[in-house]
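Presented below is the structure to which this report refers.
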Amino acid sequence: MIRGLAPQARLIGTQARCFTKLASFPNHQPTSPSRYFYSTTRTMAQKQEDNKGAGHSVPQTSVVAEGAQDPEIVAYQTHQASAPRLSLAEEARTLVNNGKFGVISTISSKDPTGFPSGSVVEYSADSTGRPIFSFSSLSPHTGDVLTDGRCSLTVMADGFRGLSDARVNITGTTSKVPNMEISAAKELYLSHHPQSFWVEFGDFTWFRMDQVLCARLVGGFARAGKISGEEYAEAVVDPVAAFSAPVCGHMNADHAESTQAMIKHYIGITVDKAMMLSLDRLGVNVACERQGESFKCRLPFPRPAEDRKMIKELIVEMTRAAAGAVEKAQ
Numbered sequence: 370m371i372r373g374l375a376p377q378a379r380l381i382g383t384q385a386r387c388f389t390k391l392a393s394f395p396n397h398q399p400t401s402p403s404r405y406f407y408s409t410t411r412t413m414a415q416k417q418e419d420n421k422g423a424g425h426s427v428p429q430t431s432v433v434a435e436g437a438q439d440p441e442i443v444a445y446q447t448h449q450a451s452a453p454r455l456s457l458a459e460e461a462r463t464l465v466n467n468g469k470f471g472v473i474s475t476i477s478s479k480d481p482t483g484f485p486s487g488s489v490v491e492y493s494a495d496s497t498g499r500p501i502f503s504f505s506s507l508s509p510h511t512g513d514v515l516t517d518g519r520c521s522l523t524v525m526a527d528g529f530r531g532l533s534d535a536r537v538n539i540t541g542t543t544s545k546v547p548n549m550e551i552s553a554a555k556e557l558y559l560s561h562h563p564q565s566f567w568v569e570f571g572d573f574t575w576f577r578m579d580q581v582l583c584a585r586l587v588g589g590f591a592r593a594g595k596i597s598g599e600e601y602a603e604a605v606v607d608p609v610a611a612f613s614a615p616v617c618g619h620m621n622a623d624h625a626e627s628t629q630a631m632i633k634h635y636i637g638i639t640v641d642k643a644m645m646l647s648l649d650r651l652g653v654n655v656a657c658e659r660q661g662e663s664f665k666c667r668l669p670f671p672r673p674a675e676d677r678k679m680i681k682e683l684i685v686e687m688t689r690a691a692a693g694a695v696e697k698a699q
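Right under this line is the structure:
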């Protein structure tokens, strides 16, 4: 429930003043989106009643309704249509760079020969986004890529819960890392997987997806596309996305109402609940609930954040601006 303006203003103001603690970001893990973001909040009977005679029409109270009359929904739709986001190539590179595990799909070299075969694997991406693997001779996918290097790797966003979360699939050819490059590949790999001591065993071989032909990114609902191998290789990894976990975890644990206030101030829509999911240099992805409807919104930063310190400064600035707007409205 939204509280009265006066106490809300006092609360947000207090949070803004206390927010300087964000500089040391406690080691919060990102609070996984609460069940209310992934479950229905209305009974089936209510939904059936709503849909009588409506076919596939969307209720006018929905944030995705076309021709909505609610000024807050109009404000939300207008804002989100042009909200700054990473390019598809940048998001794909960032997902692969920050990931550690994925599903490699190979062409089976054993019965049933020629059919796709999937395996969960560790990997580490090099400076051009090429995944590096260390495979045991006992693993079926090792024989597969030695027989036919064509494969794909699917990587999901940290904390992936469902179809509204980001994932990327990169397709290419994988082969053994040349002997003269093994030392560098091993060093990079172990910097991401320091506990993977087994890669030193004699039956492990180093592989790399040397040729990335294309990537397919699904950044959530209504955001998807194909990326060429050249676009993927040339894209820049976002410099701050790796800090999503501690920042979002801290905000969700201690400043959730400030996030609601920022959405109201900058986007123009009142939400009952808000939870930060991830961030990048251009802004924050937030899971929201409004009148029983769950949806996501993009909350842009006033300026690009180039490092962790700047994330804190921008969020403090935005929190204070939202608090000031509430006080001014009294």
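In our numbering, the protein residues as written are 370 to 699. Using N, Cα and C, we set each Cβ at its ideal position, and we do this for glycine too. If you're wondering where the values come from, they're calculated on a predicted model, not measured in any experiment.
- Between M679 and M645 the beta-carbon gap is near 16 Å, outside 8 Å, which marks them as no contact.
- Distance from the CA atom of F576 to the CA atom of A494, rounded to whole angstroms, is 12 Å.
- Contact between D676 and R659 is absent: CB atoms are separated by about 33 Å, not below the 8 Å threshold.
- D513: member of the alpha helix (DSSP H) spanning 509 to 516, first to last residue.
- By the Cβ neighbour-count rule, R650 is buried, with 16 or more other Cβ atoms within 10 Å of its own.
- In the assembly as shown, E459 is a buried residue. Its beta-carbon has 16 or more other beta-carbons within 10 Å.
- Looking at the DSSP output, T542 shares a beta bridge with R519, Q580.
- Taken through DSSP and simplified to helix, strand or coil, I638 comes out as coil.
- For E556, the uninterrupted alpha helix (DSSP H) run begins and ends at 551 to 561, by DSSP.
- E435 carries a coil assignment under DSSP once its states are collapsed to helix, strand and coil.
- Taking P481 as reference, the option from Y492, P509, A461 with the minimal CA-CA separation is P509.
- Beta-carbon to beta-carbon, S488 and D572 are separated by about 16 Å, too far to satisfy the 8 Å threshold.
- When the alpha-carbon of V524 is set against those of D513, T628, T540, the nearest one is in T540.
- Between D607 and L455, the beta carbon gap of about 6 Å places them in contact (Cβ cut-off 8 Å).
- Taking a cut-off of 8 Å on C-beta distances, the segment 446 to 455 does not touch the segment 467 to 476, as fewer than three cross pairs fall below it.
- Pairing G661 with A444, the inter-Cα distance amounts to about 19 Å.
- Closest option to A674, judged by alpha-carbon separation, among L648, M631, R689: L648.
- Per DSSP, reduced to three states, the secondary structure at A458 is helical.
- Per the coordinates, the alpha-carbon of L522 lies some 47 Å from the alpha-carbon of V695.
- By DSSP's assignment, F470 forms a beta bridge with E491.
- Counting along the chain, the unbroken alpha helix (DSSP H) around R689 starts and ends at 677 to 698.
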